[in-house]
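> Residues in the sequence shown are numbered from 10 upward in steps of one, following our numbering.
Where a beta carbon is used, it is the ideal one built from N, C-alpha and C, also for glycine.
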Amino acid sequence: MRAVKNVTMLLVSSLGLVAACDSGRSRESEIDYLPSKSIHGIEFVDHDPDKREVSGSLHWEFSDTTTTHFVIELGEGNPIGRVYIDDGAVFEIPEDTEVGDDSRIFIYAKDANSDTTAVAKKSIVDASRPEFLAENLRFLDSDFRENVVRGTLFFEGAYEESNISGYQVFLSDDGVNPIADMPMLGNFPAGQLEHQVQINTHRSIASYAIVFSINAVGSSAANTKISLVDLAETSGILTKSLCPQTTNGQHVVVGRGRYDLIRNELPAKTSDYWVFRAGDLRQNVHIKRHHGDAAVAACSTWVRFERQHA
Numbered sequence: 010m011r012a013v014k015n016v017t018m019l020l021v022s023s024l025g026l027v028a029a030c031d032s033g034r035s036r037e038s039e040i041d042y043l044p045s046k047s048i049h050g051i052e053f054v055d056h057d058p059d060k061r062e063v064s065g066s067l068h069w070e071f072s073d074t075t076t077t078h079f080v081i082e083l084g085e086g087n088p089i090g091r092v093y094i095d096d097g098a099v100f101e102i103p104e105d106t107e108v109g110d111d112s113r114i115f116i117y118a119k120d121a122n123s124d125t126t127a128v129a130k131k132s133i134v135d136a137s138r139p140e141f142l143a144e145n146l147r148f149l150d151s152d153f154r155e156n157v158v159r160g161t162l163f164f165e166g167a168y169e170e171s172n173i174s175g176y177q178v179f180l181s182d183d184g185v186n187p188i189a190d191m192p193m194l195g196n197f198p199a200g201q202l203e204h205q206v207q208i209n210t211h212r213s214i215a216s217y218a219i220v221f222s223i224n225a226v227g228s229s230a231a232n233t234k235i236s237l238v239d240l241a242e243t244s245g246i247l248t249k250s251l252c253p254q255t256t257n258g259q260h261v262v263v264g265r266g267r268y269d270l271i272r273n274e275l276p277a278k279t280s281d282y283w284v285f286r287a288g289d290l291r292q293n294v295h296i297k298r299h300h301g302d303a304a305v306a307a308c309s310t311w312v313r314f315e316r317q318h319a
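Written out as structure tokens, the structure reads:
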């Protein structure tokens, strides 16, 4: 009985030692596996200026001796490329690669059996040119010489400025493109209620002022524009009424060198006024100077005057 008991104790002791050794190997394998198979240091900057499209170089770092290649996915289950160890840890995402509102890049480390040994992900920031534009452009020519346009351009920022860092103002002869070899009129940061810039040019050179929204990616594809109407002093018959009528809005009174027409306000502390009658938009605007007319000061309703060139 004693001999059998000793054998039994020896078997139990041996089984415990084996179990302990197995458990130790399992823990050692887990500890060795986790830190050695990792993907980190992921970097990606979108260089595609279009919204919902990305492109650029994807970089990452890894530490694993069993990895043979990586699989790149744009969102789960949407493979867009494969990178082998010999090619390094970089992948060029092609131009015009479409993304959604909440897309992420997944990098899967694979071994020789194509088993996944590690995975990492990174959210995509879709860098795109501004979509929203400046609003409420207003300009009044204060130089009554023919073909000379001078005055202040006022404009307000876009309704949505989250993707806008500022605005750039140019002169244009077609309302689409800036005039070549002419300097920019101004560069204004976003976040301000109103912007203003001085314009002094010849109407034969520039027909429009245009405003682009900008950010780090570039400028907006479209612009906001306003025609530089040349209010040259001419002869002609004037209306005798000096006060604008609320019914037809044909008569406009504005102070010389001021911008009351734009702001819809009566000039303060001045006695010189200019009276405009819109009439037929295809005809010249007739201008006459009135000095210290009490009827002007009595006007309380002001209208906006706009005219297109023939």
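Quick check for students: name the residue ranges of the alpha helix (DSSP H) that lie wholly in the stretch 60-130, counting only runs of 4 or more.
Counting whole runs of 4 or more residues, the stretch 60-130 contains no alpha helix (DSSP H) stretch at all.
> Can you tell me whether DSSP reads Pro187 as helix, strand or coil?
Of the three classes helix, strand and coil, the one that applies to Pro187 here is strand, per DSSP.
> Please name the residue in Thr210, Val206, Asp183, Ile81 whose C-alpha comes closest to that of Leu146.
The option with the nearest alpha carbon to Leu146 is Val206.
> According to the neighbour-count rule (16 or more other Cβ atoms, all chains shown, within 10 Å of its Cβ), is Arg91 buried or exposed?
With fewer than 16 other Cβ atoms within 10 Å, it is exposed.
> What residues are listed by DSSP as bridge partners for Val195?
Strictly speaking, residue 195 in this sequence is Gly, with Val absent from that position. Per DSSP, Val178.
> For His56, list the residues DSSP reports as bridge partners.
His56 pairs with nothing; no bridge assigned.
> When DSSP builds the beta bridges, which residues end up paired with Ser229?
For Ser229, which the question treats as bridged, DSSP gives no partner whatsoever.
> Along the beta strand (DSSP E) that carries Phe163, what are the first and last residues, could you check?
Element bounds for Phe163: 157-165.
> Taking the alpha-carbon of Met193 as reference, which of Thr233, Ser181, Leu202 has the nearest alpha-carbon?
Of Thr233, Ser181, Leu202, the residue nearest in Cα terms is Ser181.
> For Glu170, which of helix, strand or coil comes out of DSSP?
Glu170: coil per DSSP, three-state reduction.
> Can you find the residues in the same chain that come closer than 7 Å, C-beta to C-beta, to Ser132, ignoring five residues on each side of it along the sequence?
Once the five neighbours on either side are set aside, the close Cβ partners of Ser132 are Arg113.
> Would the beta-carbon of Ser229 fall within 8 Å of that of Ser236?
Taking 8 Å as the Cβ cut-off, Ser229 and Ser236 do not qualify as a contacting pair.
> Could you tell me which of Phe71, Lys119, Tyr168, Gly86 sits nearest to Ile48, measuring between CA atoms?
Of Phe71, Lys119, Tyr168, Gly86, the residue nearest in Cα terms is Phe71.
> In this structure, how does DSSP classify Ser213 when only helix, strand and coil are distinguished?
Coil, per DSSP.
> Return helix, strand or coil for Gly50, following the three-state DSSP convention.
Gly50 falls in the strand class under three-state DSSP.
> Thinking C-beta only, is Glu62 closer than 8 Å to Val108?
A contact, by the Cβ cut-off of 8 Å.
> If you drop the 5 nearest sequence neighbours on each side, which residues of the same chain put their C-beta closer than 8 Å to that of Thr77?
If we look at Thr77 and ignore the five residues flanking it on each side, its Cβ neighbours are Tyr93, Ile94, Lys119, Asp120, Ala121.
> Strictly by DSSP, which residues pair up with Arg147?
Arg147 is bridged to Phe163.
> Would you call the CB atoms of Ile208 and Gly160 closer than 8 Å?
Cβ atoms of Ile208 and Gly160: closer than 8 Å.
> Quick one: what does DSSP say Ile133 is sitting in, helix, strand or coil?
Ile133 falls in the coil class under three-state DSSP.
> Please state whether the Cβ-Cβ distance between Val178 and Val238 is less than 8 Å.
No, they are not a contact pair.
> Report the option in Val185, Gly200, Phe164, Arg212 whose CA atom is closest to the CA atom of Gly175.
When only C-alpha atoms are compared, the closest one is Gly200.
> Is the beta carbon of Trp69 closer than 8 Å to that of Ile51?
A contact, by the Cβ cut-off of 8 Å.
> Name the DSSP bridge partner or partners of Val238?
DSSP, once it has assigned bridges, lists no residue as partnering Val238.
> Exposed or buried, what is Ala225 when buried is set at 16 or more other beta-carbons lying within 10 Å of its beta-carbon?
With fewer than 16 other Cβ atoms within 10 Å, it is exposed.
> Across which residues does DSSP place Phe141 in a beta bridge pair?
Answer by DSSP bridge pairing: none, since Phe141 is not bridged.
> One question on the structure: do Phe100 and Leu67 come within less than 8 Å of each other, judged by their Cβ atoms?
For Phe100 and Leu67, yes; Cβs fall inside 8 Å.
> Could you check what DSSP says for Gln205 in three-state terms: helix, strand or coil?
Looking at Gln205 - three-state DSSP - the assignment turns out to be strand.
> Short check: CB of Leu142 to CB of Ala231, under 8 Å?
In this structure, Ala231 lies closer than 8 Å to Leu142 by Cβ.
> Might you give, ordered along the chain, the residues of its own chain that have their beta carbon closer than 7 Å to the beta carbon of Asp56, omitting 5 neighbours on each side?
According to the sequence displayed, residue 56 carries His and not Asp. Only Ser64, Gly65 meet the Cβ criterion.
> Using beta-carbon positions only, say whether Gly227 and Pro103 come within less than 8 Å of one another.
No, the pair does not count as a contact, with Cβ atoms beyond the cut-off.
> Using the beta-carbon count (16 or more within 10 Å), is Thr233 buried or exposed?
Buried, because 16 or more other Cβ atoms sit within 10 Å of the Cβ of Thr233.
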